[in-house]
DNA sequence: GAGCACTGC
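Put into structure tokens, the structure is as follows:
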């Protein structure tokens with residue numbers, strides 16, 4: 001029977017009575033060391049639950065064209081299946097590909113399997129991820145990111161190198177996996193039609209989406225694998241919680257007072273600010289607990305945290321301290337921490353939604369799906385039995401969506417559509433997606449590509465232009481590929497390459513909230529009144545000339561590790577330019593032509609200052625604001641282009657560049673002329689009074705240049 | 001007037 005914990009809530013939290021009653025359980029010896037794994041690899045392989053299923057599994061897989069493999073975590077499917085297939089000679093005519101959504105997974109799996117096969121990594125077993133290709137002619141089992149296989153498909157739509165493609169972690173439904181489903185399905189069909197070496201497709205997933213996967217791959221049989229997950233007890237709150245943060249703190253301290261300090265706790269929260277605030281609260285509350293209470297090592301965990309601080313979560317807490325990790329959903333899949341006994345799930349996540357109509361991305365705190373909640377729960381039972389405290393009622397849980405909406409239905413599809421065209425999909429409008437994006441989203445993407453000159457419409461067909469084909473060569477958003485391709489005209493390719501690379505790496509700058517003033521003071525020397533792009537360029541130049549030492553990076557709040565990544569991206573992009581025989585020049589001290597080039601690539605993302613001091617986009621007259629992270633935050637530039645709009649508390653423009661209105665009109669006269677005509681038609685109607693609005697710079701420019709202006 | 005979930009090529 002459950003027992004009252006008797007934990008008195010910390011005084012500062014009003015109404016914070018215990019949310020859960022604790023089950024009785026035997027007292028644990030504190031600090032019991034875990035058994036080191038000394039079992040030989042070969043024996044370990046035989047101990048996996050999947051080993052017993054090997055004969056039947058192989059017998060079935062041998063005969064099947066495609067199969068869905070459902071296996072719980074710990075079944076060993078990802079490491080064993082490729083080896084089993086190879087060992088018994090299935091798929092010997094080619095390479096066995098195993099895709100992963102994340103780089104680290106591809107690398108560590110390849111390392112593990114090569115150890116099990118007692119071969120050097122890169123020989124029989126290898127991996128390919130961006131910037132790293134550890135394979136050779138001997139490679140027969142190849143782990144790669146799904147994005148990488150997609151890129152390979154541009155050069156070889158039938159994936160002829162491969163005899164078997166295993167799509168792992170399919171339940172995560174990343175945009176790349178979803179596109180690959182279609183590409184692989186097409187390759188399979190095509191190779192069969194042409195009488196070539198057949199392709200075998202194996203979709204591996206946790207226990208979700210089974211029917212959908214099976215239906216999609218021509219009713220492929222579903223094979224189930226037993227897992228080796230430890231039991232996890234789940235607790236729900238009795239009442240609905242209006243304040244999940246307070247509920248989390250109360251529950252955390254309830255467990256903290258009750259459980260041996262050697263048992264770690266993982267709390268799922270939604271973002272940096274929330275996590276840092278709760279970390280502070282926890283550290284404060286601990287000070288006021290009775291002297292015999294265990295200490296607490298509170299560790300925040302989120303992606304923008306510098307890598308060195310992320311690594312802290314893997315260290316054991318000092319003696320007498322309990323490890324408490326406050327994390328975003330990064331700990332759901334990307335980072336696995338050993339020894340978690342308790343999971344506290346707020347049931348909330350910060351996630352992006354996309355509205356194709358307005359092209360607006362909304363970043364909002366929302367409910368997790370059931371699948372996500374189960375994934376979080378699973379983090380408690382990796383080495384031993386665990387407990388999961390859900391800060392919502394069971395009735396509420398039943399109302400959660402069963403699955404997270406696949407990424408492909410939440411994204412701008414311009415990049416995906418361009419890739420599909422480059423893979424020579426016969427008709428991208430009817431592409432066989434497992435979960436179709438909305439027609440609006442597809443239309444918006446094609447419209448964007450058409451404005452960039454990447455596609456043209458011919459008799460209901462969408463065709464890739466030669467410019468579009470060049471754009472597809474870059475691993476970038478089409479707007480940035482276009483900007484690079486335009487840069488020779490403005491003699492600033494070196495600078496544009498730097499800027500685009502900086503923009504495609506996250507967290508180049510470090511902004512610890514506690515040192516806001518120091519950050520601002522030190523950034524001053526780099527700031528350009530021309531906007532964020534030029535400011536970033538200044539920082540990169542400083543980094544290149546004096547900054548490769550750690551001291552400089554620390555003093556200037558620059559993330560050195562990510563800066564090195566920027567220069568890797570840059571050299572990759574530069575190589576692509578060279579292959580396309582582009583002249584690569586530097587504009588040196590002139591920034592005007594850099595901004596002009598950016599204006600030509602980003603003309604779709606223009607906003608203008610309104611008479612009342614606010615901003616509105618040219619495109620849809622959406623009211624927008626300058627993001628506080630921008631160097632132009634306190635300024636009132638008349639006309640800017642921006643990288644993206646993100647709706648949080650307001651609709652913010654991020655990464656701004658000051659531009660001249662006439663550059664924009666030069667960049668896309670048809671686009672702005674059409675916008676004008678549309679508006680003129682609107683004015684002719686009952687809304688004629690809106691003509692009293694201040695005339696925008698771009699519009700004025702359009703009027704001046706329009707050949708048939710009144 | 002005041003803020004940035006997570007991947008990947």
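Residue numbers (UniProt numbering): 1 to 710.
Glycine residues also receive a C-beta, built at the ideal position from the N, C-alpha and C atoms.
Bear in mind that the values here come from a model prediction, so they are computed numbers and not experimental data.
So the candidates are 524, 570 and 284; which of them puts its Cα closest to the Cα of residue 544? The candidate whose alpha carbon is nearest that of residue 544 is 570.
If residue 423 and residue 183 are in contact, beta carbons under 8 Å, what's the gap, nearest whole angstrom? The Cβ separation is near 6 Å, so the contact holds.
Using a 10 Å radius around the Cβ and a threshold of 16 neighbouring Cβ atoms, would you call residue 410 buried or exposed? It counts as buried.
Same chain only: Cβ atoms within 8 Å of residue 373, ignoring 5 sequence neighbours per side: Same-chain partners within the cutoff: 345, 347, 390, 397 and 400.
According to DSSP, simplified to helix, strand and coil, what is residue 130? Note: residue 130 maps to coil in three-state DSSP.
Rounded to whole angstroms, what's the CA-CA distance from residue 606 to residue 75? Just pull it up for me. Those two C-alpha atoms are separated by around 51 Å.
Compare the Cα-Cα distances from residue 282 to each of 304, 314, 312 and 245 and report the closest residue. For residue 282, the nearest C-alpha among the options comes from 245.
Is the stretch 156-165 touching the stretch 184-200, taking contact as three or more C-beta pairs under 8 Å? Remark: three or more beta-carbon pairs, one from each stretch, lie closer than 8 Å, so the stretch 156-165 and the stretch 184-200 are flagged as touching.
When we look at the beta-carbon of residue 114 and count the other beta-carbons within 10 Å, is it buried (16 or more) or exposed? With 16 or more other Cβ atoms from the protein chains shown falling within 10 Å of its own Cβ, residue 114 counts as buried.
What residue from 277, 270 and 567 has the CA that sits closest to residue 364's CA? Minimum Cα distance to residue 364 is reached at 270.
So, at 8 Å on beta carbons, what are the nonlocal neighbours of residue 583 in its own chain, with the 5 sequence-adjacent residues on each side left out? Apart from sequence neighbours up to five positions away, the residues of its chain that approach residue 583 with a beta-carbon distance below 8 Å are 488 and 493, ordered along the chain.
Distance, residue 676 Cα to residue 664 Cα: Just so you know, the alpha carbons of residue 664 and residue 676 end up roughly 14 Å apart.
Please list, in chain order, all residues of the same chain as residue 368 whose beta carbon is under 6 Å from its beta carbon, the five residues on each side excluded. Closer than 6 Å at the Cβ level, and outside the excluded window around residue 368, lie 347 and 349.
Rounded distance between the beta-carbons of residue 446 and residue 462, thought under 8 Å: Sure, about 6 Å apart at Cβ, within 8 Å.
Tell me which residues share the same chain as residue 433 and place their Cβ nearer than 7 Å to its Cβ, disregarding the 5 neighbours each side in the sequence. The answer, listed in chain order, is 178, 182 and 408.
Applying the criterion that 16 or more other CB atoms from any shown protein chain within 10 Å of the CB defines a buried residue, is residue 39 buried or exposed? So residue 39 ends up on the exposed side.
As a quick exercise: from 516, 601 and 366, pick the residue whose alpha carbon is nearest that of residue 451. Looking at the Cα atoms, 601 is the closest of the given residues.
Contact set for residue 20: own chain, Cβ-Cβ below 8 Å, skip 5 residues either direction: Non-local C-beta neighbours of residue 20 in its own chain, meaning closer than 8 Å and more than five positions away in sequence, comprise 5, 235, 237, 251, 254 and 389, ordered along the chain.
Grab me the residues of residue 555's own chain with a C-beta within less than 8 Å of its C-beta, minus the 5 sequence neighbours each way, in chain order. Contacts found: 522.
Distance, Cα to Cα, residue 603 vs residue 651? Using only the alpha carbons, I get a separation of about 19 Å.
Would DSSP call residue 327 helix, strand or coil? Here residue 327 sits in strand by DSSP.
Should residue 136 and residue 123 be called a contact, given that it needs their Cβ atoms to be closer than 8 Å? Yes, these two residues count as a Cβ contact at 8 Å.
Cα-Cα, which of 617, 534, 637 and 636 is closest to residue 592? Nearest in C-alpha terms to residue 592, of all of 617, 534, 637 and 636, is 534.
Determine the direct distance from the alpha carbon of residue 104 to that of residue 714, and round the result to whole angstroms. It is not possible to answer for residue 714, since the shown part of the chain is limited to 1 through 710.
With a threshold of 16 other CB atoms inside 10 Å of the CB of residue 1, please say whether the residue is buried or exposed. With a pLDDT of 31 at residue 1, under the threshold of 50, the predicted position of this residue should be treated as unreliable, though the coordinate-derived value follows. Exposed is the label assigned to residue 1, since fewer than 16 other Cβ atoms lie within 10 Å of its Cβ.
Mark residue 61 as exposed unless 16 or more other C-beta atoms lie within 10 angstroms of its C-beta, in which case mark it buried. Residue burial is scored here from C-beta neighbours: residue 61 has at least 16 other C-beta atoms within 10 angstroms and is therefore classed as buried.
Are the Cβ atoms of residue 263 and residue 185 separated by less than 8 Å? Contact flag unset, no.
Rounded to whole angstroms, what is the Cα-Cα separation between residue 668 and residue 550? Residue 668 and residue 550 have their C-alpha atoms some 44 Å from each other.
State the CB to CB distance for the pair residue 95 and residue 140, rounded to an integer number of angstroms; the pair is presumed to be in contact (CB under 8 Å). Right, their Cβ atoms sit about 6 Å apart.
What span of residues does the beta strand (DSSP E) with residue 297 cover, start to end? Residues 295-301.
Check residue 321 in the structure and name its three-state DSSP category. In the three-state reduction of the DSSP assignment, residue 321 falls in the strand class, which pools E and B.
Using a threshold of 8 Å, state whether the C-beta atoms of residue 213 and residue 153 are closer than that. Taking a C-beta distance under 8 Å as the contact criterion, residue 213 and residue 153 do not qualify as a contact pair.
Can you list the beta strand (DSSP E) stretches of 3 or more residues lying completely in the stretch 124-205, in chain order? The stretch 124-205 contains, as complete beta strand (DSSP E) runs of 3+ residues, the segments 125-129, 132-134, 141-145, 162-167 and 200-205 (chain order).
Which of the three DSSP states, helix, strand or coil, is assigned to residue 492? Coil.
Would residue 371 be called buried (16 or more neighbouring beta carbons within 10 Å of its own) or exposed? Answer is buried; the Cβ neighbour count reaches 16.
Please identify the residue among 595, 512, 464 and 257 whose C-alpha is closest to the C-alpha of residue 528. Across the set 595, 512, 464 and 257, the C-alpha of 595 shows the shortest separation from the C-alpha of residue 528.
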